[in-house]
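Engineer: I am attaching a structure below and will ask some questions about it afterwards.
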Amino acid sequence: MPQIQRVWQANIQVYGAYKVWRQLAREGVIVARCTVERLMRRMGLRGVMRGKVVRTTIGDAKAPCPLDRVNRQYRAERPNQLWVSDFTYVSTRQGWLYVAFVIDVFARRIVGWRVSRSMRTDDLPPSAIPIIRRQSGVAG
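Residue numbering for the sequence shown follows full-length UniProt numbering, starting at 1 and increasing by one per position.
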């Protein structure tokens, strides 16, 4: 189908079947998406894949779960009564960065955070807790 070849070439040869199909529909060419997929495969046309999918979490049923010290009761009557923590990871051009943060449950805001290149807990220095306390205005 010459229209498929034309749309694919007009878009720097990066469009996959879905985008080619959408462009054809915008131009008034009615064709099933699976037909576009089949014809593109037959013609050897492939879209460019965005990035490698990275599996970031691998569950381990044998690993011990962290204690739930607040019994899922995320309520506080005053500031700095209850802090919870979590971490997330961010993909950058240089690799993964891990961000650990502490949230004041009452204010529902981050009172302290730290960025690291690894996920290990020993990357959080003992001095982090006093820093977090200072940032939040808690004595101690």
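Note that CB positions come from ideal geometry on N, CA and C, so glycine has one too.
Is Ala17 buried or exposed, if buried means 16 or more other CB atoms sit within 10 Å of its CB?
Structural biologist: Within the sequence shown, numbered from 1, the residue matching residue 17 stands at position 17. By the neighbour-count rule (16 or more Cβ atoms within 10 Å), Ala17 is buried.
Engineer: Report the three-state DSSP secondary structure of Leu67 (helix, strand or coil).
Structural biologist: Working through the sequence shown from its first residue, we reach residue 67 at position 67. Coil.
Engineer: Have a look at Val115, Val70, Glu77, Ile4 and flag the residue whose alpha-carbon is nearest the alpha-carbon of Gly28.
Structural biologist: For the purposes of this step, residue 28 is taken as residue 28 along the sequence shown, with counting starting at 1. Taking only the C-alpha atoms, the option nearest Gly28 is Ile4.
Engineer: Quick one: grab the DSSP three-state call for Arg75.
Structural biologist: Within the sequence shown, numbered from 1, the residue matching residue 75 stands at position 75. If DSSP states are grouped into helix, strand and coil, Arg75 belongs with coil.
Engineer: State the Cα-Cα distance for the pair Arg50 and Val14, rounded to the nearest angstrom.
Structural biologist: As a first step, residue 50 must be located in the sequence shown, where it is residue number 50. As a first step, residue 14 must be located in the sequence shown, where it is residue number 14. About 10 Å.
Engineer: Mark Gln23 as exposed unless 16 or more other C-beta atoms lie within 10 angstroms of its C-beta, in which case mark it buried.
Structural biologist: Position 23 of the sequence shown, counted from the first residue, corresponds to residue 23. So Gln23 ends up on the buried side.
Engineer: Take Tyr89 and list the residues in its own chain whose beta-carbon comes closer than 8 Å to its own, dropping the five residues that flank it on each side.
Structural biologist: In the sequence shown, counting from the first residue as 1, residue 89 sits at position 89. So the qualifying residues of the chain are Thr56, Trp96, Leu97, Tyr98, Val99, Met119.
Engineer: Going straight from the alpha carbon of Leu39 to that of Ala25, what length do you get?
Structural biologist: Position 39 of the sequence shown, counted from the start, is the residue given in the question as residue 39. Position 25 of the sequence shown, counted from the start, is the residue given in the question as residue 25. Their Cα atoms are separated by approximately 16 Å.
Engineer: Going by DSSP, what residues sit across from Phe87 in a beta bridge?
Structural biologist: Within the sequence shown, the letter at position 87 stands for residue 87. DSSP output for Phe87 lists Ala100 as bridge partner(s).
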